[in-house]
Structures are given as structure tokens and as C-alpha cells.
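Numbering (numbering that gives the first Met the number 0), first residue to last: 0 to 400. Glycine included, C-beta positions come from ideal geometry on N, C-alpha and C. Accompanying notes for the structure given below.
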Amino acid sequence: MSDIKETKKKDGTIVYKKRVYLGTDSLAGVGRYTTISASKKSDIKNLERQKINEFEANGKTTLRKVNKFKNFEELALDWFAGYKTAVTENSAETMWSSFNVYILPALGKYKLEKINTPLIQSIINSWVQSTNVAVKGKRARPTGSAKNVKLHLGTIRRILQYGFELGVIKDNPAKMVSVGKVKEEALEALKYFDSDNLKKFFSYLNSLPDTYGNRWDTTLYMFLIATGVRVNEALALTWDDFDFEKGSVTIRKTLTRKVQLQEKTKSQSSMRELPLDEITLTMMLAFKNRTTALFMEKGIYNVEVVFPSNVGGLRARSNCMTRLKKHYKKAGVPDIGFHGFRHTQSSVLLNAGADYKEIQHRLGHSSIKITLDTYSHLAPDKARETARISKESLKELGFGS
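This is the structure in C-alpha cells:
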């Protein structure tokens, strides 16, 4: 400690000073020094270690302001500010809902230094316990008991990793947390039309009076079933997305909850060109001509939205959902919502022997794992055919004789 200098102040008190090397600045690439002082020579060593630790905790730089957050909520909101700029508006709103229902009520008020692995694990365990209560005869699970506990834990990990990278915490306590198994009976079955209900629904739609309102609804429902696109993708379509000569439609935008067009869809894979069958192409072209004629009578020209509102603009999904529920009730079929059309298309394709990779592209999934995990059980016809083939093959080898 020979480099410690002793100085005397005007009042006669002794002060000990030392010039401390902190390390190489990670941003500037130069060595950083600071001068420390203490009234006791023995305090210099501890103070030196403290300053070096602070430098390292701030990312080994003096050019970045030390981030300080009062609690987990402040850190989470700071992370979310960056997150929402990198995703679609609908994804940001979904994350915000997850924040308010799950993450912030559980961890928001905790000081960062008080958050540890056992605490997070206990929270995850309580969520899994709530999830493992089977839901029977209900349309949706109660708020606070959704199945996607892994997604919530993933978000917590990302927030705490962000805090670690900022230097406000020494490690990420969520890394070692695990999610218990969700019981099979607690999982909700996918809602879709089997062959009988699909025929029944088609028969009902074809029996409706030929008003423009009924034609609007029928065309939307038929288009969703024929393509498997998300309803917000369909409501965002404009006629320049269709290529009637080529026989295709390009999905490149979606509708936000605020009824605004968003030029990018859920993910890069969601942007896709889909070939259309002749029946769907004929239906869409007829609907375009009828829509154009109707709006011209109103004095409204150049309506570009495929499924327009009464004034030619975008129509909210909520408005469409109200009408859909009425049709389900009148048709005497189960209420599968709009997303059920997407599942129905998948079931039809799988039972027809379509390739999973093609189904992945058609649905706009980011990975084939999503397609396999979600829809591999939706092919009862193929399963029965597989059982028949197995029986015939084994029978030829003497099975059952």
C-alpha cells in the first residue's frame, strides 16, 4: 500500500488518498482510473475493491450511466419499452396483458436484490397448480390460470437477463427455474369442425338469403376455412394482395386491435403467398364485383379493402365475432370461434394426406415444431387408415390366425 498518499487538511485532519486503476473501458478501449480517499488508511483497500466492483457492474465502462431501478416493475417496464419496438402491435398488447395479469402482480414490487431462484420457483409452481385444474364445459380458462406458464417464465428470464446485462443484478436467478408438467386433463382441446359439422355449417351458409350482409359473412368464413389464414390477416387484405391470373393471395399485413393496418404480420414466416383453388378464386372474384357495384351505388369508388365496413374502410374483428356467434347458433354447430376455422383447415389437410411442411407454410408458422405439436392429433381419418394398414399387414403374416 506504498502508493497511498497521506495529506493534511486545513483543519489538521489526516486524509489518505490513492489513485486506483479500474480496468480497460469496454466502450472506449482505454484504461480508467479514479482517486479514492478515506480518513483511515485501513479503509482504502475496501474502498478500492468497491470502486472496481462498481466499474465492472456498469459493464466495465464509465461512459454509461449506472442504471438504477427501484423494483422489478421498473426494470420490466424499461425492458418492455424496447420489446414493443421490435414486435407487432398485437404481440406487444398480448405481452402487456401477460404483464398485468401474471408477471407484475407476482414480482412487480420486489426489490431486485430480493429476487432469487426459490422465490421465482414458488411463483411458477403456484401458476402450474392453478393451470392443472381441469376446465370442463367452459369456453375459456379463468383469468390467472392459463396454460402458457412456460411463456411467462421465459419473459421473466428475459427481463432479468436484461437487468444482468445492464449491470443492475449480478446474475439471472430465473435461469435455474423449471416448469412442472401440465396435466393432460387440464389442457383445452382444439376447437374445430369435424366432417359432419363442417357439412352442416356449409349447408346452413348456402341456405341463407342472398343479401350482401350474408354474402360478406359467407365469403369471409369460406375464405378462412379454405386458406387457414388468421382472421386479422383476412380483414387486412386489399384487392392488390390477390393475383387472379396466377391464382394466389399474398399475406403481408394484419389488422391491429385498434383497427389499423400493420404492414408486417406476426413473424417473417407469416408473410407468405398461398395458391388458391378454383372455387375460392371464383368466389372471391364474384364478391369483388358485388362489393364494387354496391359501393358505386353509394357513391363510394375504389374500395380496396376486401372485407370492408359499411363505408368502405376496415372492419373490427369484434364486430365480425358478434355476427359469427349468431350464425353458429342458427346453424346448430359448436362455437369454435374464428381460430377454429384455422384448425379446421389443418384437420382437412392432414386427413387428405397433406405434407406437414406445406401446412406449416400455409398457416405461417415460424417452425414445423409448432405445426406438429399443435395439429398432429387432428387426423382421426388417417389414424384409422394407419390402423387398417397395420391390421392387413400383420394379417398377411399370420396375425389373428
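Cut-off 7 Å between Cβ atoms - residues of its own chain near residue i, not counting five sequence neighbours on either side
i, result
"L275", "G246, S247, V248"
"T6", "V14, K16"
"R214", "F286, R289"
"R314", "L234, F306, P307, S308"
"E92", "R256"
"G312", "V304"
"K137", "In this prediction, K137 scores a pLDDT of 41, lower than 50, which makes its location untrustworthy; the coordinate-derived value is nonetheless stated afterwards. If we look at K137 and ignore the five residues flanking it on each side, it has no Cβ neighbours."
"R322", "D216"
"I407", "This structure gives no information on residue 407, because the portion of the chain shown stretches from 0 to 400."
"A56", "G166"
"N197", "Reading off the sequence, residue 197 comes out as Leu, not Asn. The answer, listed in chain order, is T343."
"W238", "K287, E303, V305"
Residue j beta carbon less than 8 Å from that of residue i
i, j, result
"G227", "R361", "yes"
"F337", "V176", "no"
"V178", "K149", "yes"
"Y203", "A330", "yes"
"G11", "K59", "no"
"I335", "Y191", "yes"
"F200", "V310", "no"
"G363", "I250", "yes"
"M221", "M282", "yes"
"L273", "F243", "no"
"Y101", "H151", "yes"
"T33", "K44", "no"
"I35", "L26", "no"
"L280", "Y211", "no"
"I358", "S346", "no"
For residue i, the three-state DSSP class (helix, strand or coil)
i, result
"P172", "coil"
"K137", "Since pLDDT at K137 reaches only 41, below the 50 mark, its modelled position is unreliable, and no value is offered."
"E184", "Reliability of the predicted coordinates at E184 is poor, the pLDDT of 47 falling under 50, and no value is obtained from them."
"R322", "helix"
"G30", "strand"
"Y15", "strand"
"T23", "strand"
"T210", "coil"
"H360", "helix"
"T343", "helix"
"K9", "coil"
"K190", "coil"
"G143", "Unreliable positioning characterises G143 in this predicted model, as indicated by a pLDDT of 49, which lies under 50. A coordinate reading is not provided."
"M0", "Residue confidence for M0 is low, a pLDDT of 47 falling below 50, so the modelled location carries little weight; the figure read from the coordinates is stated next. Looking at M0 - three-state DSSP - the assignment turns out to be coil, as it is neither helix nor strand."
"D354", "coil"
"G311", "coil"
"D195", "helix"
"V332", "coil"
"G162", "helix"
"S129", "helix"
"G179", "coil"
"T87", "coil"
Chain-order list of residues whose beta-carbon lies under 6 Å from that of residue i (same chain, five-residue window excluded)
i, result
"M0", "Legend: pLDDT at M0 = 47, less than 50; position of this residue unreliable, value from coordinates given subsequently. Within the same chain, M0 has no close Cβ partners at all."
"L254", "N231, L234, A235"
"W78", "I158, Y161"
"Y38", "Checking the sequence shown, residue 38 turns out to be Ser, not Tyr. Counting only Cβ-Cβ distances below 6 Å, and skipping sequence neighbours, we find nothing."
"S269", "G363"
"N99", "none"
"K40", "Y15"
"W126", "V148"
"K4", "K16"
"R156", "A173"
Cβ separation of residue i and residue j, assumed to be a contact under 8 Å, to the nearest whole Å
i, j, result
"Q261", "K252", "6 Å"
"E72", "L103", "6 Å"
"T154", "S90", "So it is not a contact: roughly 12 Å between Cβ atoms."
"T61", "R18", "With a Cβ gap of about 15 Å, T61 and R18 do not count as contacting."
"I119", "A173", "5 Å"
"H342", "L189", "5 Å"
Cβ-based neighbour list, residue i, same chain, cut-off 8 Å, excluding 5 preceding and 5 following
i, result
"N70", "G107, K108, Y109, K110, L111"
"V29", "T23"
"K8", "V14"
Beta carbon proximity, residue i to chain B, threshold 8 Å
i, result
"A225", "The structure shown contains no chain B; it is built from a single protein chain."
Distance cut-off 7 Å: residue i Cβ against heavy atoms of the ligand GDP
i, result
"S25", "No copy of the ligand GDP occurs in the structure displayed, which carries no ligand at all."
Within the segment 216-304, ranges of the beta strand (DSSP E) (whole runs, at least 3 residues): Here the runs fully enclosed are 247-250, 271-274.
Length-filtered (3 minimum) beta strand (DSSP E) runs lying within the segment 33-84: Those beta strand (DSSP E) runs which fall completely within the segment 33-84 and span 3+ residues do not exist here.
Unbroken stretches of the alpha helix (DSSP H), 4 residues or longer, contained in the segment 93-127: Complete alpha helix (DSSP H) runs here, min 4: 103-106.
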